[in-house]
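Notes to accompany the following structure.
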Amino acid sequence: MRAASALETARRVRAGEIPADRPLEEALARAREADAGPRGIHAFLSLSDSGANSHPEPASGPPPNSDSRDAREPGSAADDGDPDLTLAGVPVAVKDNLCTLELPTTCASRFLEGYRSPYEATVVRRLRARGGRVVGKTNLDEFGMGSSTENSAFGPTRNPRDPSRVPGGSSGGSAAAVAAGVVPCALGSDTGGSVRQPAALCGVVGVKPTYGRVSRYGLVAFASSLDQVGTFGASVADAALLLEAISGHDPRDSTSAPLPAPDLMGHLDDGVAGKVVGIPVEYVPDSLDPEIRARMDEASRHLAEAGAEIRRVSLPHTRYAVPTYYVLATAEASSNLARYDGVRFGVRSPEARATQEVYEASRTRGFGPEVVRRIILGTFGLSAGYHDQYYGRAQRVRALIARDFRRVWADGVDVLLTPTSPTPAFPLGERSDDPVSMYLSDIFTVTANLAGIPAVSVPAGTTHGLPCGAQLLAPAWHEAPLLAAARTLEQSLGGGA
Amino acid sequence: MSVGRDEVQRIAALARIRLDDDAADRLDAELTGILAHVDTLMEVDVSEAEEGLVLPPPFHGPDAPPVPDSGSVFRQVELEADALASGAPGDRAPEWSEGFFLVPRLPAVDGTREGGA
Amino acid sequence: MTGRAGGEKGTAAPAAAPSVAGVEWHPDPAGEMEAVIGLEIHVQLRTREKLFCADVPEFGVDPNTRVCPVCLGLPGALPVLNREAVELAMRAALGFGCTIHQRSVFERKNYFYPDLPKGYQISQFEEPLATGGLLEVRMGEDGQETFPVRIRRMHLEEDAGKSIHDRVPDRTAVDLNRTGTPLVEMVSEPDLRSPAQVRAYLDQVKRILEYLDVSDCNMEEGSLRVDANVSIRPRGSRELGTKTELKNLNSFSGVERALEVEIARQVALVRSGGQVTHETLLWDERRQTVRSMRSKEDSQDYRYFPDPDLPPVLVSPAWIQAARDALPELPEARRTRFVEAYSLPAYDAGVLTARRPLADFYEAVVRAHSDGDAKEVANWVMGPVLALANTRSREVEALGLEPEGLAELLALVSEGRVNRRAARTILERMVESGAGGAGTPEAIMEAEGLAQVSDDGRIQEWVHEVVAAHPDEVARFRSGERRLQGFFMGEVMKRSRGKADPGEVARILGARLKGV
């Protein structure tokens, strides 16, 4: 039995039709079953005790911040009818790079094996404050670095739609947990496509909000100027429900915008009538897989039938997005990952006899090959003699990529439609030894992170018998019309019950 | 451009990562491949690009959210220190004694390293 | 820290050569070489909370008890800027005449050290908070000689923790209580030419910081830390030689001594045909020597880049103006005002304005002693009051002496109700008893019977007794040994237990010794 929708679960719990703990217990049972055995998908790195997370605020902890919403006692089934408990009883899977108190936070890294955070991420507190329940922590590419979830120190996650294939990444565990029906919605993080690409490959909905829309406090940083917590849902509505719950200003994150959480649910059915949908030519190159092209054509036809005007547009700096992304993301990562030094937490190699050896032994043992590769690349791009050529230049190209989008919006375009991924889910192991081809998996998704704009991947049928995702992008802070367009597409393809 | 094994080793030392020669050679080849791709950035005319952006693009231009009255983002007075809600600072430390984090002894500077910056 | 990779040589020659004040000290007997010195001063700001988290730093508490996820650099924690730190940094920068920039940017300075939890220090680099200040430093006996020192920049940054190397065998112990404490780094241009100039500059910087009330300025507790860059060159040259960086300078006298040693080392090196190498040297206070700290392969490459966790610091012109308006009067201005308003000699004004609390105390006494003489007040404060403070190893403001109380005492003197000598006794009682102990000066005067005696009869009596007791001295006096006048005065005052009006005593004594 698959998870009921988040919306329906919360309604029934609020109404007292089912006990608040039951959806969590059922999700835990499904999670164990889905992950079990050699064909198990291995979506989770740790699972909650069913009783452990019914108390959203640990007695020892202070209120998380001044946001009154967080400080409220959300309670249990007894709170029936509280309309603020939008996630009442809803089981949520949480990517294991978001800090939680009860469960370890490992980032799928040897370095953090068994690490327990002494505080909780703002997004986790918020989903609990809305009545949501953490089912467990999901697998990922180590520190979010990868596009297949194969770079997990604890073994890869498999795609529920074809267990011989990857679920995409880096939030592969969360995408797989939703695709397998374990949970109706999940938290991920998206630095270059890490929510949208696995959503596309697993056939679920994945949203990356505007940079600054959701707090990063407690999200273990990969690339701070690109990271954003995103949500997965079995439907647009479930992804939106979770996103609305975690959005809004957080005084603990200086890059969190001082804006209230957007009303997403109230605009889900706004449709696209009268809207202008742009299709950037750079995202449908001649080399694009014809089946993906066909799915895109269908999607644009559906949007047109729903009343949108379809227009071809150009984002001329698109081809520079992947190199720009890899210079900037790795530069920031090389600095963000300097704190893993084996002094205050994490692994320390017993043979280390000098502090220099503590660092080198801990880091060399603790980090997997992709993390090492990116730290070296990022350190290189910032180091004396290369700084201006790489980091400095990439910053300026980033500004041009953002300007491309601004010009399109200024021309009257409301939403852009593109493929999410240039390929469907690929077999495990296929790209492990080829970093450049792996990096190119992100070719359609990194631009949204560079420009900081919101984007969503919606299931758009299948290619080669595997899920295919359509990506929609919108101007900064325009999540509501973005998700309304996503909902339109979903419904026209028969999804989102 | 080609990076070279020595340069890879220099960078790895800066990042405090130990590489044996095979690993350095492999990374050299990989980095050279990646940088060939990255070097396409050299062809971009960046003369019109904005400089000095610190926050990502959503915080600039017509879509930018309101700037706080103070003009800058500051900690709010009521924001208390986020206590170490579970346990003590040393709970996660590989080596901890008498309230201190310990590492193998560094070359001493009169007992205490006072100069922080 | 002059470049991304650490500059090998400074490039900017000072636009204006400093005047000659304080360059009498010659490291080089032949006088052919001169030293070129620039200082980096780290000033710990006395904010309530740390720079990027809400921990309250305190000196001397148990290790690692003033820490939180942010300053421990735990995964996922993020910095949020403390407004008070920006406020104090702006005040400091304005106090040294710097220009405050409406936008400044925090960057990450990346290096590994066990007491640097994140593996980077959040500092400012390309776009500092303030630049372009100037300090006219006074030197010499009466402080009349001055030389200019340009302030290149003042920026905000976070402090590191402490590494303690001698506590646990074979281990370095790390305490992160200090981590994240706000610092202002104040970088001078290489405008200093001698250790003595450096000392004068440091004294003046500290004085100004105290006036600005931005820091505890306590070197022992590390709230003021100095690094020096020093090179030598042929006197008169405009070029800058290769510099060394001196660290671990734990006191102002240590700075002076370390520079003397290092300049002498460089001069000897160059004169014997050697070359100075760019390196960081540690001052060894115990051995009075410098030694090299970093090996070459670890040459610094800090990989600065803007911290993506922190938006630029934006300060409005209105805020800058408000900070400027709120600046306290600085020592130079106060010194000038003291000379003009109170008709004090420059020397007195210099002594009284050396510390803000002392100057405040002086002015409070002058205000309370409104019909008195400001110079008289200065004499009392600089004389008996400072002497009392010195013997007790305390600052004047810590003596428990109320300015109103001192003013009252001076009023008793000027009204002729106590003489100076008795007044000093009363002052001592006032200080011994502390605030509110023995009551007002008048009460002490009454209780101790110290009121001045001008009564002719009593003084006649004492004089008579003294003359009668010392016939030999009287004879010698009368035969011309006039200097015995003082002896007789002293004897009479002793007999009066200091209470006699000295003028009256002199008059009556004079008549008595001369006559009959």
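Chains as they are written, first to last, in my numbering: chain A, -19 to 477; chain B, -15 to 101; chain C, 104 to 619.
Glycine included, each C-beta is placed from N, C-alpha and C at the ideal position.
Margin query: Assuming S294 (chain A) and V257 (chain A) are in contact, meaning their beta carbons sit under 8 Å apart, how far apart are those beta carbons, in whole angstroms?
Written below: Their Cβ separation, rounded to whole angstroms, is 15 Å, which puts S294 (chain A) and V257 (chain A) out of contact at 8 Å.
Check: If you count every other CB in all the chains shown that lies within 10 Å of the CB of D31 (chain B), and 16 or more means buried, which is it?
Finding: Residue identity differs from the one stated: residue 31 (chain B) is Ser in this sequence, not Asp. Classified as exposed, S31 (chain B) has fewer than 16 neighbouring CB atoms from the shown chains inside 10 Å of its CB.
Next item on the list: Would you mind telling me which residues of chain C sit closer than 8 Å to R0 (chain B), beta carbon to beta carbon, in chain order?
Entry: Here the neighbours are F215.
Checklist line | C-alpha distance - Y223 (chain C) paired with A286 (chain A), whole-angstrom precision | finding: CA-CA distance, Y223 (chain C) to A286 (chain A), rounds to 52 Å.
Notebook entry, point to check: Rounded to a whole number of angstroms, what is the C-alpha to C-alpha distance between P487 (chain C) and R527 (chain C)?
Noted result: Taking C-alpha positions only, P487 (chain C) is separated from R527 (chain C) by approximately 7 Å.
Notebook entry, point to check: When the Cα atoms are used, what is the spatial distance from S375 (chain C) to E365 (chain C)?
Noted result: About 15 Å.
Check: Who are the neighbours of G83 (chain B) on chain C, taking C-beta pairs under 7 Å?
Finding: Simply D165, P166, N167.
Notebook entry, point to check: Quick one: what's got a C-beta closer than 8 Å to R338 (chain C)'s C-beta in the same chain, skipping five residues either side?
Noted result: Excluding residues within five positions, the ones whose Cβ falls inside 8 Å are G134, E135, M136, E137.
Item checked: contact_flag[the segment 429 to 447 of chain A, the segment 363 to 383 of chain A] where n(CB pairs < 8 Å) is 3 or more -> Yes: the two stretches touch, three or more of their Cβ pairs being nearer than 8 Å.
Check: If we ignore side chains and look at the alpha-carbon of each, how far apart do D170 (chain A) and G179 (chain C) end up?
Finding: The C-alpha of D170 (chain A) lies about 15 Å from the C-alpha of G179 (chain C).
Checklist line | Which listed residue (C:K221, C:D262, C:A233) has its alpha carbon closest to that of K153 (chain C) | finding: Comparing Cα positions, the closest option is C:D262.
Item checked: 8 Å Cβ cut-off: residues of chain B touching F202 (chain A) -> Neighbours of F202 (chain A) across chain B, judged by C-beta separation under 8 Å, do not exist; the nearest C-beta is about 14 Å away.
Next item on the list: Grab me the residues of M601 (chain C)'s own chain with a C-beta within less than 8 Å of its C-beta, minus the 5 sequence neighbours each way, in chain order.
Entry: It should be noted that the sequence gives Gly, not Met, for residue 601 (chain C). For G601 (chain C), where only same-chain residues beyond five positions count, the Cβ hits under 8 Å are N522, R524, A525, T528, L553.
Checklist line | the segment 269 to 276 of chain C / the segment 310 to 326 of chain C touching (three or more Cβ pairs under 8 Å) | finding: With contact defined as three or more Cβ pairs closer than 8 Å, the segment 269 to 276 of chain C and the segment 310 to 326 of chain C are not in contact.
Next item on the list: Would you kindly check if the distance between the Cβ of L238 (chain C) and the Cβ of P298 (chain C) is under 8 Å?
Entry: The answer is no: Cβ separation not under 8 Å.
Next item on the list: Starting from the beta carbon of D404 (chain C), find every residue of chain A whose beta carbon is closer than 8 Å, and list them in chain order.
Entry: Correct list: S363, A364.
Next item on the list: Hey, could you find the ends of the alpha helix (DSSP H) P88 (chain B) is sitting in?
Entry: No alpha helix (DSSP H) holds P88 (chain B); the beta strand (DSSP E) holding it covers 84 to 88.
Next item on the list: Excluding the 5 residues preceding and the 5 following E53 (chain A) in the sequence, name in chain order all residues of the same chain whose CB lies nearer than 6 Å to its CB.
Entry: The predicted position of E53 (chain A) is uncertain, since its pLDDT is 41 and thus under 50; a value taken from the coordinates is nonetheless stated next. For E53 (chain A), where only same-chain residues beyond five positions count, there are no Cβ hits under 6 Å.
Check: Is F355 (chain C) helix, strand or coil when you go by DSSP?
Finding: Reduced to three states, the DSSP call for F355 (chain C) is helix.
Next item on the list: Output yes or no for whether 8 Å exceeds the beta carbon distance between L239 (chain A) and P46 (chain B).
Entry: Contact flag unset, no.
Margin query: Distance check for M485 (chain C) and A(-1) (chain B), CA to CA, integer angstroms please.
Written below: The C-alpha of A(-1) (chain B) lies about 59 Å from the C-alpha of M485 (chain C).
Notebook entry, point to check: Smallest Cα separation from F84 (chain B): which of A:R324, A:D76, A:P402, A:Y371?
Noted result: Out of A:R324, A:D76, A:P402, A:Y371, A:R324 has the C-alpha closest to the C-alpha of F84 (chain B).
Checklist line | Where Y214 (chain C) falls: helix, strand or coil (DSSP) | finding: The answer is coil: DSSP assigns Y214 (chain C) none of H, G, I, E or B.
Margin query: Counting only beta-carbon separations shorter than 8 Å, does R193 (chain A) have a partner in chain C?
Written below: No, R193 (chain A) does not count as interfacial toward chain C.
Next item on the list: Assess, as a yes-or-no matter, whether the segment 204 to 211 of chain A is touched by the segment 186 to 196 of chain A under the definition of 3 or more beta carbon pairs within less than 8 Å.
Entry: Yes, since at least three Cβ pairs between the segment 186 to 196 of chain A and the segment 204 to 211 of chain A fall closer than 8 Å, the two stretches touch.
Item checked: Proximal residues of chain C, C-beta to C-beta of L90 (chain B) below 9 Å -> By Cβ distance, chain C contributes Y216, P217, S266, H268, T275.
Notebook entry, point to check: Got a sec: which bits of the segment 33 to 52 of chain B sit with their beta carbon under 7 Å from any beta carbon on chain A, in order along the chain?
Noted result: The segment 33 to 52 of chain B vs chain A, Cβ under 7 Å: A33, E34, E35, L37, L39, P40, P41, P42, F43, G45, D47, P49, P50, P52.
Next item on the list: Can you give me the Cβ contacts of R71 (chain A) inside the same chain, cut-off strictly under 6 Å, excluding the 5 residues immediately before and after it?
Entry: Checking the sequence, you will find Pro at residue 71 (chain A) rather than Arg. If we look at P71 (chain A) and ignore the five residues flanking it on each side, its Cβ neighbours are P3, L4, A7, R113, V115, V163.
Notebook entry, point to check: Exposed or buried, which one is R(-8) (chain A) when buried takes at least 16 other CB atoms within 10 Å?
Noted result: By the 10 Å Cβ count, R(-8) (chain A) comes out buried.
Check: Nearest-angstrom Cα distance between D368 (chain A) and P415 (chain A)?
Finding: Rounded to the nearest angstrom, the two C-alpha atoms are 24 Å apart.
Note to self: If I follow the unbroken alpha helix (DSSP H) through T80 (chain A), where does it start and stop?
What the structure shows: Boundaries cannot be given for T80 (chain A), as no alpha helix (DSSP H) includes it and DSSP labels it neither H nor E.
Next item on the list: Measure from the C-beta of D262 (chain C) to each C-beta in chain A and report whether the shortest distance is under 8 Å.
Entry: Look at D262 (chain C): its C-beta is not under 8 Å from any C-beta on chain A.
Next item on the list: Compare the Cα-Cα distances from G283 (chain C) to each of C:N351, C:E260, C:V290, C:R241 and report the closest residue.
Entry: Measuring from the Cα of G283 (chain C), the nearest candidate turns out to be C:E260.
Next item on the list: Determine which residues of the segment 184 to 196 of chain C have a Cβ less than 7 Å from any Cβ of chain B, and write them out in chain order.
Entry: Taking 7 Å as the Cβ-Cβ cut-off against chain B, the residues of the segment 184 to 196 of chain C that qualify are L184, N185, R186.
Note to self: Let me make sure I understand the geometry here. Which of C:E507, C:A421, C:H204 has the alpha-carbon closest to that of A471 (chain C)?
What the structure shows: Residue C:E507 is the option with its Cα nearest to A471 (chain C).
Checklist line | chain B within 8 Å of E262 (chain A), Cβ atoms only | finding: Taking a beta-carbon distance threshold of 8 Å, E262 (chain A) does not count as an interface residue toward chain B.
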